[in-house]
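S.K.: As they're listed, the protein sequences go chains A and B.
Each residue of the first sequence is one higher than the one before, starting from 1 at the first, in our numbering.
Each residue of the second sequence is one higher than the one before, starting from 1 at the first, in our numbering.
2 protein chains.
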Amino acid sequence: MFTATEENYLKALFRLGALSEGGKGPAGTNELALELDIRPATVNGMLKKLREKGLVEQRRYGKILLTEAGRLHAVEVIRKHRLWETFLYEKLHFTWDEVHDVAEQLEHIRSVHLTDRLEEFLGYPSVDPHGDPIPDKEGRMPPEVRRTLAESEEGHAGRIVGVCDNSAEFLQYLDRLGLSLGLRLTITRHIPFDGSVELESAGIRMIITRKVAENLLVD
Amino acid sequence: MFTATEENYLKALFRLGALSEGGKGPAGTNELALELDIRPATVNGMLKKLREKGLVEQRRYGKILLTEAGRLHAVEVIRKHRLWETFLYEKLHFTWDEVHDVAEQLEHIRSVHLTDRLEEFLGYPSVDPHGDPIPDKEGRMPPEVRRTLAESEEGHAGRIVGVCDNSAEFLQYLDRLGLSLGLRLTITRHIPFDGSVELESAGIRMIITRKVAENLLVD
DNA sequence: AAAAAAAGTTAGACTACCCTAATAAAATAT
DNA sequence: ATATTTTATTAGGGTAGTCTAACTTTTTTT
Ligand SMILES: [Mn+2]
Ligand SMILES: [Mn+2]
Ligand SMILES: [Mn+2]
Ligand SMILES: [Mn+2]
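(1) Can you determine whether any heavy atom of ligand 2 sits closer than 7 Å to the C-beta of residue 107 (chain A), and answer yes or no?
(2) Does the structure place the stretch 165 to 176 of chain A close enough to the stretch 191 to 204 of chain A that three or more beta carbon pairs sit under 8 Å?
(3) Comparing the CB of residue 103 (chain A) with every heavy atom of ligand 1, is any distance shorter than 7 Å?
(4) Please identify the residue among B:141, B:180, B:52 whose C-alpha is closest to the C-alpha of residue 6 (chain B).
(5) Whose C-alpha, out of B:49, B:74, B:55, B:3, is nearest the C-alpha of residue 15 (chain B)?
(6) Ignore the nearest five residues each way along the sequence and tell me which others in residue 133 (chain B)'s own chain have a CB closer than 6 Å to its CB.
(7) Using a C-beta to C-beta distance shorter than 9 Å, which residues of chain B count as neighbours of residue 109 (chain A)?
(8) Using a Cβ-Cβ distance under 8 Å, would residue 146 (chain A) count as near chain B?
(9) Ligand 2 and residue 74 (chain A): does any heavy atom of the ligand fall closer than 7 Å to the residue's C-beta?
(10) Using the DSSP secondary-structure output, state which residues sit across from residue 111 (chain B) in a beta bridge.
(11) Establish whether the CB of residue 117 (chain B) and some CB of chain A are separated by less than 8 Å.
(12) So the alpha helix (DSSP H) residue 190 (chain A) belongs to, where does it begin and stop?
(13) Taking 7 Å as the cut-off, is the C-beta of residue 81 (chain A) nearer than that to any heavy atom in ligand 1?
(14) Cβ-heavy atom distance between residue 166 (chain B) and ligand 4 below 7 Å?
(15) Per DSSP, what kind of secondary structure is residue 198 (chain A) in: helix, strand or coil?
(16) Please list, in chain order, the residues of the stretch 72 to 96 of chain A that have any C-beta partner in chain B closer than 8 Å.
(17) Quick one: is residue 121 (chain B) near chain A, going by C-beta distance under 8 Å?
(18) According to the neighbour-count rule (16 or more other Cβ atoms, all chains shown, within 10 Å of its Cβ), is residue 93 (chain B) buried or exposed?
(19) So which of B:162, B:195, B:191 has the shortest CA-CA distance to residue 180 (chain B)?
(20) Under the rule that 16 or more other beta-carbon atoms within 10 Å means buried, what is residue 37 (chain B), buried or exposed?
(21) So the beta strand (DSSP E) residue 157 (chain B) belongs to, where does it begin and stop?
(22) Rank B:107, B:155, B:211, B:157 by C-alpha distance to the C-alpha of residue 3 (chain B) and give the top, closest one.
(23) Can you confirm whether residue 171 (chain B), when its beta carbon is compared against all beta carbons of chain A, has any partner nearer than 8 Å?
(24) Please decide whether residue 181 (chain B) counts as near chain A, where near means a Cβ-Cβ distance under 8 Å.
(25) Thinking C-beta only, is residue 55 (chain B) closer than 8 Å to residue 19 (chain B)?
(26) Any idea if residue 130 (chain B) is buried or exposed, counting beta-carbon neighbours within 10 angstroms, 16 or more meaning buried?
(27) Return yes when the C-beta of residue 18 (chain B) is under 7 Å from any heavy atom of ligand 2, and no when it is not.
(28) With distances taken from CA atoms, which of A:103, A:112, A:114, A:111 is nearest residue 110 (chain B)?
(29) Leaving out five residues on either side along the sequence, give the residues of the same chain with a beta carbon under 6 Å from the beta carbon of residue 24 (chain B).
(30) For the alpha helix (DSSP H) holding residue 207 (chain B), just list the boundary residues, first then last.
(31) Should residue 90 (chain B) be counted as a contact of ligand 3 given a C-beta to heavy atom distance under 7 Å?
(32) For residue 66 (chain B), report the span of its beta strand (DSSP E) as first-last.
(33) What are the uninterrupted segments assigned as beta strand (DSSP E) that are 3 or more residues long and contained completely in the stretch 37 to 114 of chain A, given in chain order?
(34) Report the CB separation of residue 100 (chain B) from residue 119 (chain B) in whole angstroms; it is logged as a contact under 8 Å.
(35) For residue 30 (chain A), verify whether its CB is less than 7 Å away from any heavy atom of ligand 4.
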């Protein structure tokens, strides 16, 4: 039905929020090209195909919107990606910085039966190893209404429920800092000087940079 | 390193026994084309590339032999294929006629770490759901010295340890006959008239056609 | 409103993989 | 030893996906 390449374009558009509602709004050719690390000229050609397949809507020189069919398929690929990441993490004991690259391949395996059995085998998980929600079979995904640590007020207590940046670089840094999903913490102070955030967890006080705080989600 | 297409060519050559020793000997272009269901002209072009990559040896108008590098990679792909089939069968409860098609996709996922962890997760299985041996990390595969039911003598008692034909059509037929891997049976009679084989298993007598008998392996 | 910058498109080329039709070489049969 | 058949190769063409360089349209700045 769809090639791995087409699926990656759809996923990138979804990530950029190219939805008629709920998202950041339509994306542009250059923006999409940047996201995919592919040249705009190439993206332009692929968009023609995606339009013809009814997966995106775009007027000449205009912005790109995912159609309902496009959105549904993007979510299906994201569902597979996150289920595979969960499998790698829970069953094969990959670390959370190792799962993404392999899931990037596994997400393109075509077999509805496989996806559903995998989901069952994993016990119908609701989030992947990075705290991202896993869409259900019908493409429903719980809306993410999570605040970053940077925008939570002083005194707030909660758990780390997700990360915004899934790069191995960032995740390994978190491991080094001793920060992982589910960790309970309290924000003790926002430091005005450089935006650093002071927090306390399990009786230990620590300071993280603003950049780290912006990429951590808390409940 | 290698594309999925290249891997399928190597696997087909291995299946045809294009080894310098142990196999049926070198394969021809047409034979390989038939195996892959691709036209000889196309195969001819791909062979040029495989030669340049040092995976096969072939003189102009000559037969095709896998090099050591080619053989090793073919076995690596077969290893992945059989491990995935085992995973689908053991963990996701696929039936033995459903596993092959999905494994045909999964075998091309690139990650040595994944293969090794999967093998560990499965408990280092020695055979896949069809009784075919699973090569180890170093590419060693126990030689298959198994006899078909058709060539075993009357009175022989043993277990079904494998099938020659992995098609869903054949495997579903076996299910219908109540024949599965590990089943103990005794050959009671070879019927000269049409080559059918009469056998007895768990106190039940049954007759299978010659074609079925030729595709069942016993120990 | 004109100039400059940014965004989007077109043209032409390349690799990977596939095809059919025609041709050349090798193997087999007469 | 030819003739026939089989096998292998070449020539030319197609789709998918990528690139660079040049060009056009839209947006932003002055
Ligand atoms: Mn991921
Ligand atoms: Mn992908
Ligand atoms: Mn198989
Ligand atoms: Mn394959």
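For every residue, glycine included, the Cβ atom is placed at its ideal position computed from N, Cα and C.
M.R.: Reading from the atomic positions:
(1) Here residue 107 (chain A) is taken as the residue at index 107 of the first sequence, counted from 1. With a threshold of 7 Å, the Cβ atom of residue 107 (chain A) counts as near ligand 2, since some heavy atom of the ligand is closer than that.
(2) At 8 Å Cβ cutoff, the stretches do not touch.
(3) Counted from its first residue, the first sequence places residue 103 (chain A) at position 103. Residue 103 (chain A) Cβ: within cutoff of ligand 1.
(4) Position 6 of the second sequence, counted from the start, is the residue given in the question as residue 6 (chain B). Ranked by Cα distance from residue 6 (chain B), the options B:141, B:180, B:52 are led by B:52.
(5) Position 15 of the second sequence, counting from 1, holds the residue named residue 15 (chain B). Here the closest residue by C-alpha is B:74.
(6) Numbered from 1 along the second sequence, position 133 holds the residue referred to as residue 133 (chain B). Here the set comprises 127, 141, 142.
(7) Counting from one through the first sequence, the residue named residue 109 (chain A) turns up at place 109. Residues of chain B passing the Cβ test: 102, 105, 106, 109.
(8) Mapped onto the first sequence, residue 146 (chain A) falls at position 146. Answer no: the Cβ-Cβ gap between residue 146 (chain A) and chain B never drops below 8 Å.
(9) Against the first sequence, residue 74 (chain A) aligns to sequence position 74. No - ligand 2 has no heavy atom lying nearer than 7 Å to the Cβ of residue 74 (chain A).
(10) Residue mapping note: residue 111 (chain B) aligns to position 111 of the second sequence, counting from 1. Residue 111 (chain B) pairs with nothing; no bridge assigned.
(11) Taking the first residue of the second sequence as position 1, residue 117 (chain B) is located at position 117. Chain A, which has a Cβ nearer than 8 Å to the Cβ of residue 117 (chain B), makes this yes.
(12) As a first step, residue 190 (chain A) must be located in the first sequence, where it is residue number 190. Per DSSP, residue 190 (chain A) belongs to no alpha helix (DSSP H); it is in the beta strand (DSSP E), 184 to 190.
(13) Position 81 of the first sequence, counted from the start, is the residue given in the question as residue 81 (chain A). Residue 81 (chain A) Cβ: within cutoff of ligand 1.
(14) Sequence index remark: in the second sequence, residue 166 (chain B) carries index 166 (1-based). Incorrect: residue 166 (chain B) has no Cβ contact closer than 7 Å to ligand 4.
(15) Here residue 198 (chain A) is taken as the residue at index 198 of the first sequence, counted from 1. Residue 198 (chain A) falls in the strand class under three-state DSSP.
(16) Those residues of the stretch 72 to 96 of chain A that come within reach of chain B (Cβ to Cβ, closer than 8 Å) are 88, 91, 92, 93, 94.
(17) In the second sequence, counting from the first residue as 1, residue 121 (chain B) sits at position 121. Output row for residue 121 (chain B): interface = yes.
(18) Numbered from 1 along the second sequence, position 93 holds the residue referred to as residue 93 (chain B). Residue burial annotation: residue 93 (chain B) is exposed, with fewer than 16 other C-beta atoms found within 10 angstroms of its C-beta.
(19) On the second sequence, position 180 is the one that residue 180 (chain B) refers to. Comparing C-alpha distances from residue 180 (chain B) to each of B:162, B:195, B:191 shows the shortest one belongs to B:162.
(20) Reading the second sequence from its first residue, position 37 is the one you call residue 37 (chain B). By the neighbour-count rule (16 or more Cβ atoms within 10 Å), residue 37 (chain B) is not buried but exposed.
(21) Here residue 157 (chain B) refers to the residue found at position 157 when the second sequence is read from its first residue. Where residue 157 (chain B) is concerned, the enclosing beta strand (DSSP E) stretches over 157 to 163.
(22) In the second sequence, the residue the question calls residue 3 (chain B) occupies position 3. Per the Cα distances, B:107.
(23) Position 171 of the second sequence, counted from the first residue, corresponds to residue 171 (chain B). No, residue 171 (chain B) does not count as interfacial toward chain A.
(24) Translated into the one-based positions of the second sequence, residue 181 (chain B) becomes position 181. No, because no Cβ of chain A sits closer than 8 Å to the Cβ of residue 181 (chain B).
(25) Here the question's residue 19 (chain B) lines up with position 19 in the second sequence. Here the question's residue 55 (chain B) lines up with position 55 in the second sequence. No. Outside cutoff.
(26) Position 130 of the second sequence, counted from the start, is the residue given in the question as residue 130 (chain B). So residue 130 (chain B) ends up on the buried side.
(27) Translated into the one-based positions of the second sequence, residue 18 (chain B) becomes position 18. No, the Cβ of residue 18 (chain B) stays beyond 7 Å of every heavy atom of ligand 2.
(28) As a first step, residue 110 (chain B) is located in the second sequence; it is residue number 110 there, counting from the start. For the residues A:103, A:112, A:114, A:111, the minimum Cα distance to residue 110 (chain B) belongs to A:103.
(29) Position 24 of the second sequence, counted from the first residue, corresponds to residue 24 (chain B). The answer, listed in chain order, is 17.
(30) In the second sequence, counting from the first residue as 1, residue 207 (chain B) sits at position 207. Residue 207 (chain B): not part of any alpha helix (DSSP H); member of the beta strand (DSSP E) spanning 204 to 208, first to last residue.
(31) As a working mapping, residue 90 (chain B) is identified with position 90 in the second sequence. Every heavy atom of ligand 3 is 7 Å or more from the Cβ of residue 90 (chain B), so no.
(32) Translated into positions along the second sequence, residue 66 (chain B) becomes position 66. Segment 64 to 66, the beta strand (DSSP E) holding residue 66 (chain B).
(33) Counting whole runs of 3 or more residues, the stretch 37 to 114 of chain A contains the beta strand (DSSP E) stretches 56 to 58, 64 to 66.
(34) Looking up residue 100 (chain B) in the second sequence gives position 100. Looking up residue 119 (chain B) in the second sequence gives position 119. Contact doesn't hold; Cβ gap of about 19 Å is too wide.
(35) Against the first sequence, residue 30 (chain A) aligns to sequence position 30. Closer than 7 Å to some heavy atom of ligand 4: that does not describe the Cβ of residue 30 (chain A).
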